[in-house]
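There are 2 protein chains.
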Amino acid sequence: MNLNVNKNTIVPVFYQIQEQIRKKIEREKLKPGTQLPTERELEAQLGVSRVTIRKAIRGLITEGYCTKRAGKGIFIADKKIKTDVHSLEGTTSLFAGLGKELETRLISRKVINPDARMIKYLQLSAVEPEEVLVLKRLRLVDDEPYILETTYLPLCIFPGMPNGDFNGSLYQMMDEQYGIKPHHASGIFNVMMSTEEDSKLLNVQLNTALLVKEVTVYTATNLPIEINKSVFRSDKFKFIVNSALKE
Amino acid sequence: MNLNVNKNTIVPVFYQIQEQIRKKIEREKLKPGTQLPTERELEAQLGVSRVTIRKAIRGLITEGYCTKRAGKGIFIADKKIKTDVHSLEGTTSLFAGLGKELETRLISRKVINPDARMIKYLQLSAVEPEEVLVLKRLRLVDDEPYILETTYLPLCIFPGMPNGDFNGSLYQMMDEQYGIKPHHASGIFNVMMSTEEDSKLLNVQLNTALLVKEVTVYTATNLPIEINKSVFRSDKFKFIVNSALKE
DNA sequence: AAGTGGTCTAGACCACTGT
DNA sequence: CAGTGGTCTAGACCACTTT
Chain A
137 MNLNVNKNTI
147 VPVFYQIQEQ
157 IRKKIEREKL
167 KPGTQLPTER
177 ELEAQLGVSR
187 VTIRKAIRGL
197 ITEGYCTKRA
207 GKGIFIADKK
217 IKTDVHSLEG
227 TTSLFAGLGK
237 ELETRLISRK
247 VINPDARMIK
257 YLQLSAVEPE
267 EVLVLKRLRL
277 VDDEPYILET
287 TYLPLCIFPG
297 MPNGDFNGSL
307 YQMMDEQYGI
317 KPHHASGIFN
327 VMMSTEEDSK
337 LLNVQLNTAL
347 LVKEVTVYTA
357 TNLPIEINKS
367 VFRSDKFKFI
377 VNSALKE
Chain B
137 MNLNVNKNTI
147 VPVFYQIQEQ
157 IRKKIEREKL
167 KPGTQLPTER
177 ELEAQLGVSR
187 VTIRKAIRGL
197 ITEGYCTKRA
207 GKGIFIADKK
217 IKTDVHSLEG
227 TTSLFAGLGK
237 ELETRLISRK
247 VINPDARMIK
257 YLQLSAVEPE
267 EVLVLKRLRL
277 VDDEPYILET
287 TYLPLCIFPG
297 MPNGDFNGSL
307 YQMMDEQYGI
317 KPHHASGIFN
327 VMMSTEEDSK
337 LLNVQLNTAL
347 LVKEVTVYTA
357 TNLPIEINKS
367 VFRSDKFKFI
377 VNSALKE
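In order, the protein sequence lines correspond to chains A and B. First residue of the first sequence: 137, per the numbering used here; consecutive thereafter. First residue of the second sequence: 137, per the numbering used here; consecutive thereafter.
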C-alpha cells in the first residue's frame, strides 16, 4: 500500500494514515472496488496498533470514501450518485434517468394511529385523527441497498391504499389511482448515525453516518399528502444544491 | 447520570450508552449547556472501559448533539440554527435575521493563480488565467466559531478588491462598489471530516464531522462571480430543504 | 476451519484548560 | 498543579463470510 508513518510529530498517526489513503483515492491511485489490506496487515506493515488503523478508516467511511464488510474487508467506494436536494423527483425516476435498474423491496406496511408530529405535519384532525399508512421500502441496485424510505400517508386522502402494490413508483400510483400530484415539499436535511435497523437493512456497520432527508410533501393547493423520510447511504450519494436569491 | 448497561445481550455496550444519552437529550432531560460526567467518571459508574465511553460519545458528536473540549469536558450542544440550503442569503443577513451578533474575522487574504478547478468553475481564460483573490473568513457568535468561509473571487471582475475591508457583508460590498449582484448558485453539499486547520479555526476536535456547502455563484446573466466554500459546525446548524417538482 | 471486521479491556502517556 | 479529553498500545473474544 506504500504508506508511511512518522511518530516523531504532533500530527496524530491515525490522521497521517487517513490523509494518505484519502489522497490516493482522490488522485485515483486507489480505484473504486479495490480492496485495502486487512486491518491486521496494515497494523503489521505500519507498526501501529489495530485501534489506530481502525480510527484512520472510520473517517474515510463517514465521508463515504470507503466501505467495510465484516468477514470480507475494506473497499474503496464507487463513485457517488449526484442527487438534487432541491428536486422532488421521486426515487424511481431518479434512477431511471441514470439508466440503473432500481429494485424496490417492501419491508413493512402498517396502518397506525398518528402521533403528535404526524398530526401536525399532515394537518390531521387533532380530535379524531385519521389513520396513517406507514410504508418502509428499501431501494436497491444490483442487490445492494441504497436508500431506506419510510412514507407516511393519511388514509383520509388515500383510502384503500393499504392493499396496493408498492414495488413501483408511489407518485405514479397517487396520480393514476387518486388523481393526486405532488407539487412541492419542505423539511430537513441531516446527518444521522445508523440504528440497528438501518444498519441491517442498508447493509452498513452499526453507527455509520448516514444522510437523512425528511420532508412533508404537498399538492399544488398546499394539501399535505405525505411525510417522506429517506435515509441515504453516504458512500452512495452526493448532494447537489441549486440556490436562488430570495425575493 | 442514571445510565445502565447490560452486558448479556448482542447489542453493543457503546450503543446502549449512546442511545440512552441521545434519548435524554431528545426528551430534554439533558438541557443545552449541561456538562456530562467526565469520561473517567462514566467509566467507573458503568463499569466499562474508557474506549467504550468514547465510542458512545463520538456518534453523538457526529450528529451534533454534543461537543467536547480538551481540558474542559463534554457538553450538550445548544439548539441548532436552521439554515435554508436553497437560499443564497449571505451569512451576514442570515444572522441579522436571527438577531444574533455576527463577528467576521479575516483569517487570510491571498492573490493566487487559479488551478484547473477554479478556471473551470469561474470560466477563466485557460491560456492566460486572471488571478483570483482568496479570502478565508471565520464567522463567530459570542466568540464561538460557527462557519469557516473560503471565497474565491476573480480579479478581472473585482479589480482592487484585495485592499478591501472584509469584516462586513461581501455581497453588500459587491453591489455597492462593483454594481454586481449575486443571483443564483449551484454546487454540492457534503459531509467532511475536519482537517487540522478546520479544527483549529472552528474550535472542534480533529476529525470531527462537518457540513460543507461548496457552490459557484452567478449573476442574473449567468456570469460566475464567486466560488464559495462554507464549512458549518454540525453542532450549530441544521439544514432546511424546500423542494419543487421539476418542470 | 480460517480469515475478516466488531467489540472491549486496562493501562500508558500527551496536550490543553483552569486554579 | 490537577483534571480534562486525545492518542496509542497489545491483547482478547465475538460474529460474520468464505473456503
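Cβ atoms here follow ideal geometry from the backbone N, Cα and C, with glycine treated the same way. Quantities reported herein were computed from a predicted structural model and do not represent experimental measurements.
Proximity below 8 Å, CB of residue i to CB of residue j
i: Leu182(A); j: Gln154(A); result: no
i: Ile243(A); j: Lys272(A); result: yes
i: Glu175(A); j: Arg158(A); result: no
i: Val327(A); j: Thr344(B); result: no
i: Ile217(B); j: Phe373(B); result: yes
i: Ala213(B); j: Gly233(B); result: no
i: Ile324(A); j: Phe211(B); result: no
i: Leu269(A); j: Met297(A); result: yes
i: Pro173(A); j: Met137(A); result: yes
i: Ile316(B); j: Ile363(B); result: no
i: Thr352(A); j: Ala321(A); result: yes
i: Leu381(B); j: Leu224(A); result: yes
i: Pro281(A); j: Leu337(A); result: yes
i: Asn142(A); j: Gln156(A); result: no
i: Leu166(B); j: Pro148(A); result: no
8 Å Cβ cutoff, residue i in contact with chain B
i: Phe375(A); result: yes
i: Gly195(A); result: yes
i: Val340(A); result: no
i: Val351(A); result: yes
i: Pro295(A); result: no
i: Tyr282(A); result: no
i: Ala380(A); result: yes
i: Tyr257(A); result: no
i: Tyr354(A); result: no
i: Pro298(A); result: no
CB contact check: residue i to chain A, cutoff 8 Å
i: Phe325(B); result: yes
i: Ala232(B); result: no
i: Glu383(B); result: Legend: pLDDT at Glu383(B) = 48, less than 50; position of this residue unreliable, no value from coordinates given.
i: Tyr314(B); result: no
i: Asn142(B); result: no
i: Tyr288(B); result: no
i: Ser322(B); result: yes
i: Pro360(B); result: no
i: Met310(B); result: no
i: Met328(B); result: yes
i: Ala345(B); result: yes
i: Pro448(B); result: Residue 448(B) is absent from the structure shown; chain B starts at 137 and stops at 383.
Cutoff 7 Å; reference residue i; Cβ partners in own chain excluding five residues on either side
i: Val377(A); result: Val221 and His222
i: Glu179(A); result: Ser185, Arg186 and Ile189
i: His319(B); result: Tyr354, Thr355 and Ala356
i: Pro290(A); result: Leu258, Leu260, Glu266 and Val268
i: Thr219(B); result: Leu230, Phe373, Phe375 and Ile376
Proximal residues to residue i (C-beta, below 8 Å), its chain only, five neighbours per side dropped
i: Val277(A); result: Phe231, Lys236, Glu237, Leu238 and Glu239
i: Asp251(B); result: none
i: Ala262(B); result: Ile255
i: Leu139(B); result: Ile153, Gln156, Ile157, Leu178, Gln181 and Leu182
Whole-angstrom C-beta distance between residue j and residue i, which should lie under 8 Å
i: Tyr288(B); j: Met329(B); result: That belief does not hold up - the Cβ atoms of Tyr288(B) and Met329(B) are roughly 22 Å apart, past 8 Å.
i: Ile293(A); j: Ser366(A); result: Incorrect: roughly 20 Å between the Cβ atoms, too far for contact.
i: Met309(A); j: Gly300(A); result: 6 Å
i: Thr203(A); j: Asp371(A); result: 5 Å
i: Leu274(B); j: Arg241(B); result: 4 Å
i: Phe150(A); j: Ala192(A); result: 4 Å
Beta-carbon proximity list for residue i, same chain, < 6 Å, skipping 5 on both sides
i: Gly226(B); result: Ser305 and Tyr307
i: Glu383(B); result: Because the pLDDT at Glu383(B) is just 48, under 50, the model does not fix this residue reliably, and the value given afterwards should be weighed accordingly. Around Glu383(B): no qualifying Cβ.
i: Phe368(A); result: Ile283 and Leu347
i: Leu359(A); result: none
i: Asn339(A); result: Pro281
i: Asn303(A); result: Thr240
i: Lys335(A); result: According to the sequence as given, residue 335(A) is Ser; it is not Lys. Closer than 6 Å at Cβ, skipping near neighbours: Leu342.
i: Glu177(B); result: none
i: Glu350(A); result: Gly323, Ile324 and Lys365
At a CB distance below 9 Å, what residues from the segment 199 to 226 of chain A approach chain B? Give them in sequence order. Glu199, Gly200, Lys218, Asp220, Val221, His222, Ser223, Leu224 and Glu225
By the 7 Å beta-carbon criterion, what residues does the segment 158 to 191 of chain A contribute toward chain B? none
Along the segment 229 to 255 of chain A, what residues have a CB closer than 7 Å to any CB found in chain B? none
When you check each C-beta in the segment 362 to 373 of chain B against every C-beta of chain A, which residues fall closer than 8 Å? Ser370
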